[in-house]
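Peer 1: Residue numbers (my numbering): 123 to 512. Ideal placement from N, C-alpha and C gives every residue a C-beta, glycine not left out. Here it is, the structure, as structure tokens.
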């Protein structure tokens, strides 16, 4: 005959059942989770918490268990905005995991899309850090604030620091400020550039390191296109200095404006265009150089000065300017084409071929680009054969 359990034994049994239920909330399926509630009959599921004061809804949301999350909300009235000891809500945990469908479920149930307390990362910060564009867009539609700085920057910082270019672009499209600064003067551009450098020097699998660095450099380019300021920080170290350490040739030649003035930059740009039209190519170079002294973020000025250098036969300077132009605007066909011309003039056939091919990819209607590409490939092959014979 079985002996009745002592009060202590009953407590252990309940604790074990609760621990198992937390595990099932994260893994599912729903049928097993429901069965796991049997030993806890008479206990409100909303009153069960773990050592971090997380509820069963936290556990389900963090792993994207939609069925279980819905069951807990609809059948057991678990609070959608319950905070754990760090102030994180189920919605924030769903966002951290990039679980857009779970986030939608919680929002539909009334979850707030804002940080639960000052200084705590909100759901939008978490989604940005996870690189989940779908979750970011969902939260923005629900009214999440783009500009909330929780001490380590607004959501844009979290996406840029994580190397999530598509998420950076989504936030910028929604109106995020590309020049926002944290309390210590940090910017999203600096974080993206630093992340690119850090990922490349960290080592690990070569392909993975290169892919991660490339993703962060894509963030740099997205921020530059959105008008991010490349001016030096207080110690004179710019975001582009950091990116230059990654070996990205397009970025190393972008300086900060020496005497920032959009008005003067525009005026000198117009004078450069006039000089070029009159055949005064050296005058055009001079005027465009004056323009770049006052503003460096206009890809057209770099591309136009490149064209003037090409007319003067200064292929090395033209190549440098073309690379800056297509770094600022990666889909700028003229910049890629002129880079090809400059590399061709320097007999850097591989670089020329790559640039012409990129120009053709961006504008397939320009069949002349194909001819230039093939000519560069043939010239490079011929040079290689001749070198081998020697």
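For residue 441, collect the residues of the same chain with a Cβ closer than 7 Å to its Cβ; drop the 5 residues on either side in sequence, then sort them by chain order.
Peer 2: For residue 441, where only same-chain residues beyond five positions count, the Cβ hits under 7 Å are 461, 464, 465, 468.
Peer 1: Would you say the region 470-486 touches the region 451-460, given that touching needs at least three Cβ pairs under 8 Å?
Peer 2: The region 470-486 is in contact with the region 451-460.
Peer 1: My understanding is that residue 475 touches residue 495, with C-beta atoms under 8 Å, so please give their C-beta distance in whole angstroms.
Peer 2: So it is a contact: roughly 6 Å between Cβ atoms.
Peer 1: Taking residue 168 and residue 192 to be in contact with their CB atoms under 8 Å, please state how far apart those CB atoms are, rounded to whole angstroms.
Peer 2: About 15 Å separates the two Cβ atoms, so there is no contact after all.
Peer 1: With DSSP as the reference, identify every bridge partner of residue 303, one or two as the case may be.
Peer 2: According to DSSP, residue 303 bridges with 309.
Peer 1: With 16 as the cutoff for other CB atoms within 10 Å, does residue 404 come out buried or exposed?
Peer 2: By the 10 Å Cβ count, residue 404 comes out exposed.
Peer 1: Assuming residue 156 is part of the alpha helix (DSSP H), what are its boundary residues?
Peer 2: Segment 152-158, the alpha helix (DSSP H) holding residue 156.
Peer 1: Rounded to the nearest angstrom, what separates residue 232 and residue 175 at their Cα positions?
Peer 2: In a straight line, the C-alpha of residue 232 is about 21 Å away from that of residue 175.
Peer 1: Among 218, 406, 149, 338, which has the Cα closest to the Cα of residue 251?
Peer 2: Selected option, being the one with the closest Cα: 218.
Peer 1: Using C-beta distances below 7 Å, list every residue in its chain close to residue 234, excluding the 5 sequence neighbours before and after it, in chain order.
Peer 2: The answer, listed in chain order, is 203.
Peer 1: For my contact list, residue 258 and residue 293 are in at a C-beta cut-off of 8 Å; report their separation, rounded to the angstrom.
Peer 2: Contact holds; Cβ gap of about 7 Å.
Peer 1: Give the C-beta separation of residue 308 and residue 275 to the nearest angstrom, bearing in mind that I take them to be a contact with Cβ-Cβ under 8 Å.
Peer 2: Yes, they are in contact, since the Cβ atoms of residue 308 and residue 275 sit about 7 Å apart, within 8 Å.
Peer 1: Report the option in 195, 264, 260 whose CA atom is closest to the CA atom of residue 289.
Peer 2: Considering only alpha carbons, the answer is 260.
Peer 1: Quick check on this structure: which residue in 160, 221, 230 has the alpha carbon closest to the alpha carbon of residue 201?
Peer 2: Checking every option, the nearest Cα to that of residue 201 belongs to 230.
Peer 1: Suppose the cutoff is 6 Å on Cβ atoms and the five residues either side in sequence are ignored; what does the same chain contact list for residue 245 look like?
Peer 2: Excluding positions up to five away in sequence, the list reads 213, 214, 217, 235, 261.
Peer 1: My parser needs the alpha helix (DSSP H) runs of 4 or more residues fully inside the region 222-248; what are they?
Peer 2: Listed in chain order, they are 222-230.
Peer 1: List in chain order: all unbroken alpha helix (DSSP H) runs of 4+ residues lying wholly within the region 451-512.
Peer 2: With a minimum length of 4 residues, the continuous alpha helix (DSSP H) runs that stay inside the region 451-512 are 455-467, 471-484, 489-511.
Peer 1: Which residue from 296, 240, 179, 156 puts its Cα closest to that of residue 263?
Peer 2: Closest by alpha carbon: 296.
Peer 1: Rounded C-beta distance between residue 342 and residue 315? I'm assuming under 8 Å.
Peer 2: With 8 Å as the limit, residue 342 and residue 315 qualify as a contact, their Cβ atoms being about 5 Å apart.
Peer 1: Consult DSSP for residue 168 and reduce its assignment to one of helix, strand or coil.
Peer 2: Of the three classes helix, strand and coil, the one that applies to residue 168 here is helix, per DSSP.
Peer 1: Rounded to the nearest angstrom, what separates residue 411 and residue 181 at their Cα positions?
Peer 2: Going by the C-alpha atoms only, they are around 59 Å apart.
Peer 1: Helix, strand or coil for residue 529? Go by DSSP, reduced to three states.
Peer 2: An answer regarding residue 529 cannot be provided, because it is not within the stretch 123 to 512 covered by the chain.
Peer 1: For residue 140 and residue 152, I'd like the C-alpha separation in whole angstroms.
Peer 2: Between residue 140 and residue 152, the C-alpha separation is close to 16 Å.
Peer 1: With DSSP run on the structure shown, which of helix, strand or coil describes residue 445?
Peer 2: In this structure, residue 445 counts as helix in the three-state DSSP scheme.
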